[in-house]
Each structure stands twice: as structure tokens, then as C-alpha cells.
Amino acid sequence: LAAADAQTFVLLDEIGVGTDPTQGAPLARAILEALIQTGARVAATTHYAEVKSLPASDGRFSIAAMQYAHGRPTYKVAPGLAGQSHAFAIAARLALDPAIIARARSLMDEGTRQIGDLMESLQAQQAETQLLRTELEKRERVLMERERKYEARRQSLQARKTRLEKEIADRFTRRLRDREAEVKGLIAALQKDPDLELAGRSLRRIKDIREDLAARAAPKVDVQPLPPKTLKAGDPVHVRSLGKRGVVAEVMGRERYVVKVGVLSMKLKRGDLARVDARGQVVAEAPPPPRTAARKQPVQKPPPRAQKVPRAELKGLRMEFNTLDLRGRRMDEALDALPTFLDKMTMEGRPVAFILHGHGTGVLKRAVREWLPKSAYIRAWRPCDPGEGGDAYTIVGLR
-3 LAAADAQTFV LLDEIGVGTD PTQGAPLARA ILEALIQTGA RVAATTHYAE VKSLPASDGR
57 FSIAAMQYAH GRPTYKVAPG LAGQSHAFAI AARLALDPAI IARARSLMDE GTRQIGDLME
117 SLQAQQAETQ LLRTELEKRE RVLMERERKY EARRQSLQAR KTRLEKEIAD RFTRRLRDRE
177 AEVKGLIAAL QKDPDLELAG RSLRRIKDIR EDLAARAAPK VDVQPLPPKT LKAGDPVHVR
237 SLGKRGVVAE VMGRERYVVK VGVLSMKLKR GDLARVDARG QVVAEAPPPP RTAARKQPVQ
297 KPPPRAQKVP RAELKGLRME FNTLDLRGRR MDEALDALPT FLDKMTMEGR PVAFILHGHG
357 TGVLKRAVRE WLPKSAYIRA WRPCDPGEGG DAYTIVGLR
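So that you can map any letter, position 201 of the sequence shown is 197 in this note's numbering, and since no number is skipped, the others follow by simple counting.
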């Protein structure tokens, strides 16, 4: 005690034993309090209940127990718990006569025995809880390690994907430069020698280059190809060489079609056309089988003329986006605007459209309604009812 100070660490094992517990316990407590008063750090073991109760009355002390579960020590510290003596359990392990152990239990104070049993049960539960906690922590570490590996794998795959995309882009860029140089060479040759045969060969080569680059730049369609299907007038199509949507205006036969793209009409082969489904998506098609012999294809008839129908057969909701206002336009301007508008509505997949021609003298209305049955875009038409805007409007059903 005389040498103890704030730099001292004192270890005491079973302080106060070897004498009457009624005197040994108070003596042990007094010694501990004196050591703490010097500022020393003290670690002491004891079986005395009076010493174990020190933390409850003096905040300078704390307590911990060595775990004891199922009659055996676990050699783990349980902070905050007061340990119990396990004399009976140890005696049983040492094969002491059970009758003697039972007699010893009966001689204990009832309250002391109950508290001892309760503390032993609590320590066993705490030991089991600690085991579960340790197992959960182990599983958490395993899961975190798996998550780390998965994240590393994901980053590796993402880096590989980025690298491959860059390689593909670089290859395409190099190919594009090569093709540009080839086209420039063809143009230079034509400028030096404007020969008609050379011009024809150059144009064919430029077309081949354009188709090659378009095929490489086109997105891949990840679906099973469908067999080519004969197109008919009014079918929406995708023009591969232009990368634009159009509508078949006429079937010429021999797999050739007149296609209207915007306000332009052009003759195209079936191989340059792709079907478009109801959702407006391009349908992947297998290439047509090689033709073994040239056979004359029957020319399909143009679509039937659009018929005037009753209200029950043609219904729709008139909105600003599906209505064409022709009021105030000259006759030729109005009739020129109709194909463009109907083409737009067809390309957007609209089932119906409305034309506002007004009443006026009735000349524009009559001209519009005489033109409608001739249009390849239209399958049916009728004047609008009063609830739809009246006779100043005409509703048309699109193919």
C-alpha cells in the first residue's frame, strides 16, 4: 500500500481468504478501497458476496464473471455479471457421492440457494447468447466476403464490357476511315477521267460501302428471325438503306414495291424492306431463300377503295394531335397536306384521324371526301356526328 500510486497495477487472487469470512470479507473490501484511493489499478478475484457487491455502492469498481455453462467453464469473461461459486458442480465432476452433494445443498440458506440457481441459469443463457452472437458474426463475415467477391467480379465484367465496346468502336472507326478514303479515291478518279462506265462502277461500290457500314452500325435484334413475308399495299415498313419508316403504296411484282417515305415515293426491292409490327418495332427476318428459277410473280391488286361506313363501324376520340386543320388553305395546298398528315398518323400507329375542312361553300369538304377513297392510307371514312364536331369534320380509319 505504501508503494502504490497511479502507475501501479495490482493483481489479487482470492483476497481475504484463509480466515473467518465474516471478518475476511470486510477486510478485503477495506484493502481494495485503500488501493483505489492511491490511484492504482486493481484486478481481484473473490468468492465473497460482500466484495462482489462493491460496484453497486462504489462507482470506482466494476465487476465481471467467468462464464460457466452446463457444469463446465467456458473460459470467457462476462462483463457486468457477478460470478457464482460452482462447488457443487465441481464436486459432481470429481465423482463425489451425490448424497453428500444433495445434503450440502439442503444445508444452504434457501434464499442463497435460489439466488445461486438463478445466477447459474442467467450465466448459462448468456453463454448460449454469446455463442449465437459469435456464430452470427462469423456468418456476417462470410457474407461480407462473398459480397466483396461479387462486387469485384461485377467491376471486372463491367471493365471487360467497356473494353470490348471500345474495341468494337475503334474497329468501326478504322473501317469507316478506310471506306471514306476509298470513296475519296473513287471521286478523285472520276474527276480525272469522267468515264460513264467508271461512274457506274463507282456508284455501285459506294452503294456496297454504304450498305456494309449501315449493317455494322445497325443494332442487333435479339429475337429469332421470321421468314420473309410478302408485303401488301398499306403495310408499314422499315427501309434499311435509308434507316427510315415508310408505307407500301403499290405492289409491282417480282419482289419489288413502291414505297412512300414521307412525301417521296420510290421503287425498292423486298430485301431493302423490313416489316414493322403493331408496336412499331422492326421485325427480324431471315434472308429470302435463293431463287432457283425466275418465275413471274402475280401482280397484287391495289387495296380496295376506302368505303364510307356507318358510325358503328368507325369510332375514335378526336384530339389535337390526330386532327388536321385545312381551313383557310387553297384547294391544292389542302390536298397536298393530306398525304403527309396521313403518313405521319400511319407511322405513329394511330387507328383513326380527323380532318377539319369546315363548312364554307362546301367545295373543300367535297374535294376532301372525293380524295379519301383513292388514298392507300385509308380503309374507311365517314362524316362526324354532332357529338364529334359535326359535318365540319371527317373521321378516317387508317390501314
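Virtual Cβ for every residue (Gly too), placed ideally from N, Cα, C.
Treat the numbers as computed from the prediction; the structure is a model and nothing was measured.
- Cα separation between ARG375 and GLY393? Taking the first residue of the sequence shown as 1, we reach residue 375 at position 379. Taking the first residue of the sequence shown as 1, we reach residue 393 at position 397. When rounded, the distance between both Cα atoms is 6 Å.
- Task: For GLU29, write down the residues that DSSP places opposite it in a beta bridge.
- Result: Against the sequence shown, residue 29 aligns to sequence position 33. None, per the DSSP bridge assignment.
- Alpha carbon to alpha carbon, what distance is there between LEU132 and ARG149? Against the sequence shown, residue 149 aligns to sequence position 153. Against the sequence shown, residue 132 aligns to sequence position 136. Computed Cα separation, rounded: 25 Å.
- With a 10 Å radius around its C-beta and 16 neighbouring C-beta atoms as the bar for buried, classify MET327 as buried or exposed. In the sequence shown, residue 327 corresponds to position 331, counting from 1. Label assigned to MET327: exposed.
- In terms of residues, what are the limits of the beta strand (DSSP E) holding LYS361? Working through the sequence shown from its first residue, we reach residue 361 at position 365. From DSSP, LYS361 is part of no beta strand (DSSP E) but of the alpha helix (DSSP H) over 359 to 367.
- Message: On the CB-based measure, 16 or more other CB atoms within 10 Å of its CB, does PRO215 come out buried or exposed?
- Response: Locating residue 215 in the sequence shown gives position 219, counting from the first residue. Any answer about PRO215 is weak, because its pLDDT of 49 lies below 50 and its placement is not dependable; what the coordinates show is given next. Answer is exposed; the Cβ neighbour count stays below 16.
- Query: Between the region 1 to 16 and the region 31 to 49, do at least 3 Cβ pairs fall closer than 8 Å?
  - Reply: yes
- Query: In chain order, which continuous runs of the beta strand (DSSP E) of length 3 or greater are located wholly inside the region 24 to 105?
  - Reply: 37 to 41, 60 to 65 and 68 to 75
- Query: Where does ASP16 fall in DSSP's three states?
  - Reply: Here residue 16 corresponds to residue number 20 of the sequence shown, with the count starting at 1. Coil at ASP16, not helix or strand.
- Taking MET341 as part of the beta strand (DSSP E), name the residues at either end of that continuous run. On the sequence shown, residue 341 is found 345 positions in, with the first residue counted as 1. Counting along the chain, MET341 falls outside any beta strand (DSSP E), though it belongs to the alpha helix (DSSP H) covering 327 to 343.
- Pull up the distance between the alpha-carbon of ALA100 and that of ARG89, whole angstroms please. On the sequence shown, residue 100 is found 104 positions in, with the first residue counted as 1. On the sequence shown, residue 89 is found 93 positions in, with the first residue counted as 1. Cα to Cα, the separation comes out at about 15 Å.
- How many Å lie between PHE57 and GLU124 at the Cα? As a first step, residue 57 is located in the sequence shown; it is residue number 61 there, counting from the start. As a first step, residue 124 is located in the sequence shown; it is residue number 128 there, counting from the start. Straight-line Cα distance between these residues: approximately 27 Å.
- Message: Check whether the region 311 to 319 and the region 353 to 360 touch, using three or more Cβ-Cβ pairs below 8 Å as the test.
- Response: no
- Message: Our contact map puts VAL255 next to VAL247 with C-beta atoms below 8 Å; I'd like the distance itself, whole angstroms only.
- Response: As a first step, residue 255 must be located in the sequence shown, where it is residue number 259. As a first step, residue 247 must be located in the sequence shown, where it is residue number 251. Contact doesn't hold; Cβ gap of about 10 Å is too wide.
- From the DSSP output, which residues share a beta bridge with ARG378? Position 382 of the sequence shown, counted from the start, is the residue given in the question as residue 378. According to DSSP, ARG378 bridges with ILE391.
- Task: Give a yes or no on whether the C-beta atoms belonging to GLY312 and PRO335 are separated by under 8 Å.
- Result: Reading the sequence shown from its first residue, position 316 is the one you call residue 312. Reading the sequence shown from its first residue, position 339 is the one you call residue 335. Taking 8 Å as the Cβ cut-off, GLY312 and PRO335 do not qualify as a contacting pair.
- Does the distance from the C-beta atom of GLN396 to that of LYS72 stay below 8 Å? Examination of residue 396 is not possible in this model, given that the chain is present from -3 through 395 alone.
- Answer yes or no: do ARG378 and LEU310 have a C-beta to C-beta separation smaller than 8 Å? Counting from 1 along the sequence shown, the entry for residue 378 is found at position 382. Counting from 1 along the sequence shown, the entry for residue 310 is found at position 314. Result yes, Cβ atoms of ARG378 and LEU310 sit closer than 8 Å.
- Item | Buried or exposed by the 16-neighbour rule on C-beta atoms within 10 Å, applied to VAL38 | The residue labelled residue 38 in the question sits at position 42 within the sequence shown. The residue is buried, with at least 16 neighbouring Cβ atoms inside 10 Å.
- Per-residue DSSP class, three states only, for GLN122: As a first step, residue 122 must be located in the sequence shown, where it is residue number 126. Helix, per DSSP.
- Query: Using a Cβ-Cβ cut-off of 6 Å (strictly less than) and excluding sequence neighbours within five positions of SER237, which residues of its own chain qualify?
  - Reply: In the sequence shown, residue 237 corresponds to position 241, counting from 1. So the list reads ASP268, once near-sequence residues are dropped.
- Task: Look at the alpha carbon of ASP273 and the alpha carbon of GLU141, and state the distance between them as a whole number of angstroms.
- Result: In the sequence shown, the residue the question calls residue 273 occupies position 277. In the sequence shown, the residue the question calls residue 141 occupies position 145. If you take the alpha carbons of ASP273 and GLU141, they lie about 48 Å apart.
- Item | Cβ neighbour criterion (16 or more within 10 Å) applied to ARG170 | Position 174 of the sequence shown holds residue 170. ARG170 comes out exposed.
- Query: Count the other CB atoms within 10 Å of the CB of ALA2; is the residue buried (16 or more) or exposed (fewer)?
  - Reply: Translated into the one-based positions of the sequence shown, residue 2 becomes position 6. Result: exposed.
- Query: What's the C-alpha gap between THR18 and PRO69?
  - Reply: Locating residue 18 in the sequence shown gives position 22, where the first residue counts as 1. Locating residue 69 in the sequence shown gives position 73, where the first residue counts as 1. Approximately 28 Å, taken between the alpha carbons.
- Alpha carbon to alpha carbon, how far is GLU161 from PHE168? In the sequence shown, counting from the first residue as 1, residue 161 sits at position 165. In the sequence shown, counting from the first residue as 1, residue 168 sits at position 172. Rounded to whole angstroms, GLU161 to PHE168 spans 11 Å at the Cα level.
- Message: Using C-beta distances below 8 Å, list every residue in its chain close to GLY20, excluding the 5 sequence neighbours before and after it, in chain order.
- Response: Counting from 1 along the sequence shown, the entry for residue 20 is found at position 24. Contacts found: GLY12, VAL13, GLY14 and TYR44.
- Message: Suppose you measure from the CA of LEU28 to the CA of THR130; what does that come to, to the nearest Å?
- Response: By 1-based counting over the sequence shown, the position of residue 28 is 32. By 1-based counting over the sequence shown, the position of residue 130 is 134. About 35 Å.
- GLN303 bridges to which residues according to DSSP? Counting from 1 along the sequence shown, the entry for residue 303 is found at position 307. Note: GLN303 sits in a beta bridge opposite ALA376.
- Message: I'd like to check one pair, LEU338 with ALA330: are the Cβ atoms closer than 8 Å?
- Response: For the purposes of this step, residue 330 is identified with residue 334 of the sequence shown, where counting begins at 1. For the purposes of this step, residue 338 is identified with residue 342 of the sequence shown, where counting begins at 1. For ALA330 and LEU338, no; Cβs fall outside 8 Å.
- Item | LYS256 - containing beta strand (DSSP E), residue span | One-based indexing of the sequence shown puts residue 256 at position 260. Per DSSP, LYS256 belongs to the beta strand (DSSP E) from 252 to 257.
- Message: Please state the DSSP three-state secondary structure of PRO232.
- Response: Taking the first residue of the sequence shown as position 1, residue 232 is located at position 236. Strand, per DSSP.
- Do LEU322 and LEU352 come within 8 Å of each other at the CB atom, strictly closer than that value? Numbered from its first residue, the sequence shown carries residue 352 at position 356. Numbered from its first residue, the sequence shown carries residue 322 at position 326. Contact: yes.
- When the Cα atoms are used, what is the spatial distance from ALA363 to LYS370? Counting from 1 along the sequence shown, the entry for residue 363 is found at position 367. Counting from 1 along the sequence shown, the entry for residue 370 is found at position 374. Rounded to whole angstroms, ALA363 to LYS370 spans 12 Å at the Cα level.
- Helix, strand or coil at LEU7 according to DSSP, with G and I counted as helix: Within the sequence shown, numbered from 1, the residue matching residue 7 stands at position 11. Here LEU7 sits in strand by DSSP.
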